[in-house]
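Q: Questions regarding the structure given below will be posed in turn.
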Amino acid sequence: MFDALTYQEMLKEIKKNSEKYGITDDVVAILITRPDLASGKDILNSLEYYHFRTGHSINFYLPGYGAYWTEEEYPDGKVVTEIAGVKWSFSNQRFVEFIEDMEKYSKWRYSGESDLIFAEVKNGRLSYERAMEFHLDNMLRDKAIISVNQFFEKIVRIGQEGRSMNQIGNKLGIDKGKQVVFDALLEKMPMYMGDVIKQEKYFCVKNIQK
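full-length UniProt numbering puts the sequence shown at residues 1 to 210.
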């Protein structure tokens with residue numbers, strides 16, 4: 001789990017990780033949620049668990065969240081959770097600024113609730129040419145998923161079964177890897193879930209690059 005106080009800081013973190021670990025082609029997850037949402041509360045309640053559970057398999061970025069804040073720097077910051085003994089805060093101002101920047105650099109539009117976006121990292125740079133968007137609250141309402149926790153656990157297992165997203169791409173080659181990177185998510189979903197997610201309403205790989 002990485003804080004993503006601003007959009008530009010997220011891009012810097014992605015580039016730094018790419019250079020540090022030598023992973024130039026990967027998939028990252030951008031988790032967009034607010035603590036006042038029911039789904040957001042569920043996510044925050046388990047955030048420390050997700051932090052340890054994901055390990056280095058999938059990098060999740062959380063817009064508007066961060067640690068070691070001072071009231072002078074972020075007057076609207078409120079402590080919302082704790083990870084490994086460190087208090088994490090949320091800023092509505094920074095959250096909104098992140099959304100505005102992401103909408104500026106992509107065709108994605110915020111649903112107003114909890115969104116999960118998977119995007120590719122190509123040559124150390126974030127790309128929206130092949131992306132997946134999950135509107136978590138709609139999926140809950142339509143019973144496409146049982147719970148956010150159950151859905152996240154399935155995603156985490158993809159990275160912990162020895163087939164992380166970047167490993168899939170490396171094993172099958174660049175061209176096939178790009179397709180399988182995303183198909184792997186669908187393949188490992190429970191049958192009842194996969195049948196629904198195949199519908200474009202819930203699952204599609206599309207170009208949202210501007």
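Heads up, the beta-carbon is just placed ideally off N, CA and C, and yes, glycines get one too. Computed from a predicted structure; not experimentally measured.
Pop quiz: SER106 and LYS210 are said to be a contact at Cβ under 8 Å. What is the actual Cβ separation, rounded to whole angstroms?
A: Correct: roughly 6 Å between the Cβ atoms.
Q: Spell out a yes or no on whether the stretch 19-30 and the stretch 50-63 are touching, meaning 3 or more CB-CB pairs, one atom from each, closer than 8 Å.
A: Counting Cβ pairs under 8 Å, three or more are found: they touch.
Q: If we ignore side chains and look at the alpha-carbon of each, how far apart do ARG34 and THR54 end up?
A: Approximately 21 Å, taken between the alpha carbons.
Q: Just checking, does the stretch 126-143 make contact with the stretch 89-101 on the three C-beta pairs under 8 Å criterion?
A: No, because fewer than three Cβ pairs between the stretch 126-143 and the stretch 89-101 fall closer than 8 Å, the two stretches do not touch.
Q: Which term fits TYR21, buried or exposed, when burial requires 16 or more other beta carbons within 10 angstroms of its beta carbon?
A: Under this definition TYR21 is an exposed residue.
Q: Can you give the Cα-Cα distance for GLU72 and ALA144, rounded to whole angstroms?
A: Computed Cα separation, rounded: 43 Å.
Q: Can you tell me whether LEU136 is helix, strand or coil according to DSSP?
A: Of the three classes helix, strand and coil, the one that applies to LEU136 here is helix, per DSSP.
Q: Report the partner residues of THR81 according to the DSSP bridge assignment.
A: TRP88.
Q: Going by C-alpha distance, which of THR24, TYR65 and LEU11 is nearest LEU44?
A: Per the Cα distances, TYR65.
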